[in-house]
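Structure first, then comments.
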Amino acid sequence: MKVTAVFLACAILTASAGIQDLCDYNIEQLSLATTCIKRKASFELKVALAETKAQVQCINDSCAIRKLCQQGKLADVLPLYYTGGEIWELEDLLEECRPWSPQEDSSVLIHS
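Residue numbers are given in the working numbering: position 101 of the sequence shown equals residue 86, and the series is strictly consecutive.
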């Protein structure tokens, strides 16, 4: 039982760290990541993403992410807007859609 709890805590912390990286992305990286995420997302997640964008009064995804990042750690902020399942899907998609590190030069994305 304790092993399971420790494993779950580690998984949540690891996933939360990945999602927090979004706050360090430049506009080009955010655009690439959000385009990929929306292309692969379930219908339910697409609806939730659109609703969040409206709630934070943004017309594009980069603006919405910036506003969420301004509210605090994304691990704490996302549950205010998304269900647990939507957060897990978002984290999984971010891993698929993030082939670079936030500190990596974005020109590598264009030429590789």
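Glycine included, every Cβ here is placed at the ideal spot set by N, Cα and C.
Bear in mind that the values here come from a model prediction, so they are computed numbers and not experimental data.
Residue nearest to residue i in terms of C-alpha spacing, selected from the options
i          : options        : result
residue 82 : 11, 25, 5      : 25
residue 71 : 11, 34, 12, 17 : 34
Burial state of residue i (16 or more Cβ within 10 Å)
i          : result
residue 27 : exposed
residue 20 : exposed
residue 4  : buried
residue 37 : buried
residue 80 : exposed
8 Å Cβ cutoff met for residue i and residue j
i          : j          : result
residue 61 : residue 15 : no
Extent of the continuous alpha helix (DSSP H) to which residue i belongs
i          : result
residue 72 : 69 to 81
residue 54 : 46 to 55
> Should the stretch 37 to 44 be called in touch with the stretch 69 to 76, which here means at least 3 C-beta pairs below 8 Å?
Replying inline: no
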